Every structure is written in structure tokens, then in C-alpha cells.
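Heads up, the thing below is written out as C-alpha cells.
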Amino acid sequence: MNTIEIRTVDVVQYIKPLREGGSLPAIVKADDDFLYVLKFRGAGQGKKVLISELIGGELARAIGLHVPELVFMNLDDSFSKTEPDEEIQDLLKFSVGLNLGLHFLSGAITYDPLVSIADSMTASKVVLLDSMISNIDRTFKNTNLLNWNNELWLIDHGASFYFHHNWERWKNHLTRTFPAIKDHVLLERANHLNDASKEIQRLINKDKIIEIVSKIPKDWLEDESEFLTPDQMRAAYIEFICTKLSKIDSLVKEAEDAR
74 MNTIEIRTVD VVQYIKPLRE GGSLPAIVKA DDDFLYVLKF RGAGQGKKVL
124 ISELIGGELA RAIGLHVPEL VFMNLDDSFS KTEPDEEIQD LLKFSVGLNL
174 GLHFLSGAIT YDPLVSIADS MTASKVVLLD SMISNIDRTF KNTNLLNWNN
224 ELWLIDHGAS FYFHHNWERW KNHLTRTFPA IKDHVLLERA NHLNDASKEI
274 QRLINKDKII EIVSKIPKDW LEDESEFLTP DQMRAAYIEF ICTKLSKIDS
324 LVKEAEDAR
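Position in the sequence shown (from 1) plus 73 gives the number in our numbering.
This is how it looks when you write it as C-alpha cells:
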């Protein structure tokens, strides 16, 4: 298995907000001269969204799906001082430090279930991935998929792992399946769920899951109001994903029944 390397870059230019996103992500330029979609630690549900984005994106990549490169992005306090829009100004102010960026796919178009490309094996992998990470946000209303260079690309896993919004009861989620899969935008095309489950089991194991979770910056896990320590949170993410992987047959059945 390939080792995961996540680069760290500095934001050098704030270009424009993406107002279709509820948390006001933005297109920015980094010191490597590339453009990124920046997800802010100071937005809405904060650092938990960045954690979901990181784990979900790297799991997707590990099972052979296309995901824009994820990078850690340092944001300094100079941007908030020159921003005239008060809402964006506050967002920049509260997001000083380490944020998360996705490589900007110039010319990509939003996935349209009526006309866009998505082969059955890919669709099946995406459906099972989203079942495993409890991603409630890949529906007809909001696909969080792009077509770029005639390939399907996955973006925005921030609504995954919703158990981490209540750490006191997170273990209750270990035995649950994912009924919301019935609303998944790719469910109709997911005709190879059994084959996809075997492929997923071949491509990820506990070591890969530990490696992905280890990439979460400690700073994103620190919160005095939380019930668990950062190390306990890491262990919880690992246990959750490993449990879902071990129960993938029940996720396959649930998705097949929903189809």
C-alpha cells in the first residue's frame, strides 16, 4: 500500500468565496502557485468538518476513487485585516492556523445524475464508502461529485462521521447501519456492490486506517469542552471505521434492499 503524504502549504492570496457552500469555503492561492478550495476551521461546525474531510477523502483515495489532493493550509492573520466583507472577515479571523485545502479542479462540472459519467463499479464503491463513513451528503439535491477529464471525482466529506458531534454516545453508532443510503445519488448505478465490497476489503485494513487517522493534526482534536482526549478520539475513529469494514456485508445488503 502507498504511504500517505499530506503536504503543508501557506495561503498567499484569498481569491473568492464559494457561496454555494454553507460554510463559505474559498478559492485561494498557495505558495506552491496552485489554487485550492480552502475549508475553514472557523466555519460552522469547525474542526470536526476538516477531520471528516480528511479521513473521508483519504479513505476514498485508498480504495481507488478519484479525490483532489488534500493539503494542510496555513492561514495567517493578515487576510482578515484587509477583507471588507464582515462575514468573511470574521471567518478568516477565526481560522488563523492550520486549515484544509482541496486542489482546485479547473473546468470541472458538477455531477448531473441524468447526463454525467459514473460506471457501476465506481458507483458501488462510492455507495459503500459513504455507508461506512455515514456520509449523509451525497444526494440528488447535493451530489458532492464532479466530472473532470471524463472521470468522476469526489469532494466534500464534511458531513460524515456525525457521531463525533456527541462523543459521550459515539459507541451507540458502532452497531448501526446506514438507512440514509436510500437517498444516495449513485445508488441506482451501484450494480456491483459485492465486487466493490471485496475490492474495498482488499485495499484497506486496520493499518491503513490507523495511518489515515494518524494524519489528523492534534490541534484539530483539542477542545476543552470535549468528553474524550485527542488520543481517545483517534482510537474511536479507528474503531468506528474498522467496525464498519468488518460489517460491510450488512452494508451491502442494506444498499441492495434500498435499490
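Glycine included, C-beta positions come from ideal geometry on N, C-alpha and C.
Predicted, not measured: the structure shown is a model, and the values here were computed from it.
Check your understanding: Looking only at its own chain, which residues have a Cβ that is under 8 Å from the Cβ of glycine 137, when we skip the five neighbours before and after it?
Key -> Here residue 137 corresponds to residue number 64 of the sequence shown, with the count starting at 1. Cβ neighbours of glycine 137 beyond the five flanking positions: Lys198, Glu272, Leu276.
Check your understanding: Can you name, in chain order, every residue of its own chain whose Cβ lies under 8 Å from the Cβ of lysine 288, other than the five neighbours on each side?
Key -> Here residue 288 is taken as the residue at index 215 of the sequence shown, counted from 1. Only Ile77, Ile79, Leu127, Glu131 meet the Cβ criterion.
Review point. What do you get for tryptophan 238, buried or exposed, if any count of 16 or more other CB atoms within 10 angstroms of its CB means buried?
Key: Translated into positions along the sequence shown, residue 238 becomes position 165. The sequence given here places histidine at residue 238; tryptophan does not occur at that position. Exposed, because fewer than 16 other Cβ atoms sit within 10 Å of the Cβ of histidine 238.
Point to revise | Beta-carbon contacts of methionine 205 that lie in its chain and below 6 Å, excluding the five residues immediately before and after | key: Taking the sequence shown and counting its residues from 1, the one referred to as residue 205 is at position 132. Once the five neighbours on either side are set aside, the close Cβ partners of methionine 205 are Lys317.
**Study point:** Extent of the continuous beta strand (DSSP E) run through leucine 187
**Key:** Numbered from 1 along the sequence shown, position 114 holds the residue referred to as residue 187. Segment: none, leucine 187 is in no beta strand (DSSP E) and carries neither H nor E.
Exercise for review: In the DSSP assignment, find the beta strand (DSSP E) that holds phenylalanine 145 and state where it starts and stops.
Suggested key: The count along the sequence shown starts at 1 and reaches residue 145 at position 72. Note, phenylalanine 145: beta strand (DSSP E), 143-148.
Practice item. Could you spell out the range, first to last residue, of the alpha helix (DSSP H) harbouring glycine 231? Key: Position 158 of the sequence shown, counted from the start, is the residue given in the question as residue 231. Looking at the DSSP string, glycine 231 is not in any alpha helix (DSSP H), and its letter there is neither H nor E.
Check your understanding: Is the stretch 299-307 touching the stretch 244-251 in the sense that three or more CB pairs, one from each, lie closer than 8 Å?
Key -> no
Exercise for review: Determine, using beta carbons only, whether glycine 117 and aspartate 292 come nearer to each other than 8 Å.
Suggested key: Here the question's residue 117 lines up with position 44 in the sequence shown. Here the question's residue 292 lines up with position 219 in the sequence shown. Not a contact, by the Cβ cut-off of 8 Å.
Check your understanding: By the 10 Å Cβ neighbour count, where 16 or more other Cβ atoms means buried, how is proline 157 classified, buried or exposed?
Key -> Indexing the sequence shown from 1 puts residue 157 at position 84. With fewer than 16 other Cβ atoms within 10 Å, it is exposed.
Practice item. On a CA-only basis, which of Gly115, Phe177, Glu295, Glu299 is nearest arginine 242? Give me that one, please. Key: Numbered from 1 along the sequence shown, position 169 holds the residue referred to as residue 242. It is Glu299.
Exercise for review: Look at the alpha carbon of aspartate 149 and the alpha carbon of tyrosine 87, and state the distance between them as a whole number of angstroms.
Suggested key: For the purposes of this step, residue 149 is taken as residue 76 along the sequence shown, with counting starting at 1. For the purposes of this step, residue 87 is taken as residue 14 along the sequence shown, with counting starting at 1. Answer to the nearest angstrom: the Cα atoms are 11 Å apart.
**Study point:** Bounding residues of the beta strand (DSSP E) (the contiguous stretch that carries proline 252)
**Key:** Residue numbering aside, residue 252 sits at position 179 when the sequence shown is read from its first letter. No beta strand (DSSP E) holds proline 252; DSSP gives it neither H nor E.
Check your understanding: Can you name, in chain order, every residue of its own chain whose Cβ lies under 6 Å from the Cβ of threonine 195, other than the five neighbours on each side?
Key -> Translated into positions along the sequence shown, residue 195 becomes position 122. Cβ within range, chain order: Leu225.
Practice item. Below 6 Å CB to CB, which residues in the same chain sit around valine 122 once its five sequence neighbours on both sides are set aside? Key: By one-based count along the sequence shown, residue 122 stands at place 49. Same-chain partners within the cutoff: Gly231.
**Study point:** For glutamine 86: DSSP bridge partner residues
**Key:** Stepping through the sequence shown from its first residue, residue 86 is reached at position 13. According to DSSP, which records beta bridges pairwise, glutamine 86 is partnered with Lys102.
Check your understanding: Considering only residues of the same chain and omitting the five flanking positions on each side of valine 140, which have a CB-CB separation below 6 Å?
Key -> As a position in the sequence shown, residue 140 is number 67, starting the count at 1. So the list reads Gly130, Ala133, Arg134, Leu227, once near-sequence residues are dropped.
Review point. Pairing CB atoms from the stretch 96-109 with CB atoms from the stretch 213-222, are three or more of them under 8 Å?
Key: no
Review point. If you draw a straight line from the alpha carbon of glutamate 284 to that of proline 98, how long is it in whole angstroms?
Key: For the purposes of this step, residue 284 is identified with residue 211 of the sequence shown, where counting begins at 1. For the purposes of this step, residue 98 is identified with residue 25 of the sequence shown, where counting begins at 1. The straight-line gap from Cα to Cα measures roughly 27 Å.
Check your understanding: Which term fits valine 286, buried or exposed, when burial requires 16 or more other beta carbons within 10 angstroms of its beta carbon?
Key -> As a first step, residue 286 is located in the sequence shown; it is residue number 213 there, counting from the start. Counting Cβ neighbours within 10 Å, valine 286 comes out buried, since at least 16 surround it.
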